[in-house]
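Peer 1:
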Amino acid sequence: MNKELYDVILDRRAHPQEGSYTNYLFEKGLDKILKKVGEESAETIIAAKNLAAGNGSEEELVGEINDLLYHVWVMMAQCGISYEAVAEENARRSQKIGNLKPMKVVDRNT
């Protein structure tokens, strides 16, 4: 996670700049931001599948992952979630050992 980019996103929210895509998203609101998170998630999945099938490139997947992360960070800022909260949760989870949850039937079939 890139703290510097997240700080820029927060700054755009506090100090809107004309022509800023980030400000456009904030102006449109949570529904638009969530739509973009969904779109970028789908594009990331497709890029990963394409790469695995030999039809895509690592560069394409890296670009889609970056687009997804950016839109997730905008969502976080819109929802008042701090960078530190996510980083702390990530650190907490990385300390767990043997945290595999029982799989549901649906998960076993995918």
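The numbering of the sequence shown is our numbering, which starts it at 1231 and goes up by one. Just so it is clear, CB atoms sit at the ideal spot from N, CA and C, and this is done for glycine as well. The structure displayed is predicted, hence computed values, not measured ones.
Do the region 1257 to 1268 and the region 1319 to 1333 touch if we need at least three Cβ pairs shorter than 8 Å?
Peer 2: No: fewer than three Cβ pairs fall under 8 Å.
Peer 1: For the alpha helix (DSSP H) holding residue 1289, just list the boundary residues, first then last.
Peer 2: Run containing residue 1289: 1288 to 1309, per the alpha helix (DSSP H) assignment.
Peer 1: How many Å lie between residue 1236 and residue 1277 at the Cα?
Peer 2: If you take the alpha carbons of residue 1236 and residue 1277, they lie about 24 Å apart.
Peer 1: What does a CB cutoff of less than 6 Å around residue 1242 pick up in its chain, not counting 5 residues either side in sequence?
Peer 2: Correct list, in chain order: 1250, 1252 and 1253.
Peer 1: Would you report the Cα separation of residue 1244 and residue 1290, rounded to the nearest angstrom?
Peer 2: Between residue 1244 and residue 1290, the C-alpha separation is close to 32 Å.
Peer 1: Quick check: what's the CA-CA separation for residue 1284 versus residue 1246?
Peer 2: For residue 1284 and residue 1246, the distance between alpha carbons rounds to 42 Å.
Peer 1: Helix or strand or just coil, what does DSSP make of residue 1273?
Peer 2: Three-state result, residue 1273: helix.
Peer 1: Once you ignore the five residues that flank residue 1233 on each side, which residues in its own chain have a CB closer than 7 Å to its CB?
Peer 2: For residue 1233, where only same-chain residues beyond five positions count, the Cβ hits under 7 Å are 1313.
Peer 1: Identify which residue in 1310, 1256 and 1296 has its Cα closest to the Cα of residue 1271.
Peer 2: Comparing Cα-Cα distances from residue 1271 to each of 1310, 1256 and 1296, the minimum goes to 1296.
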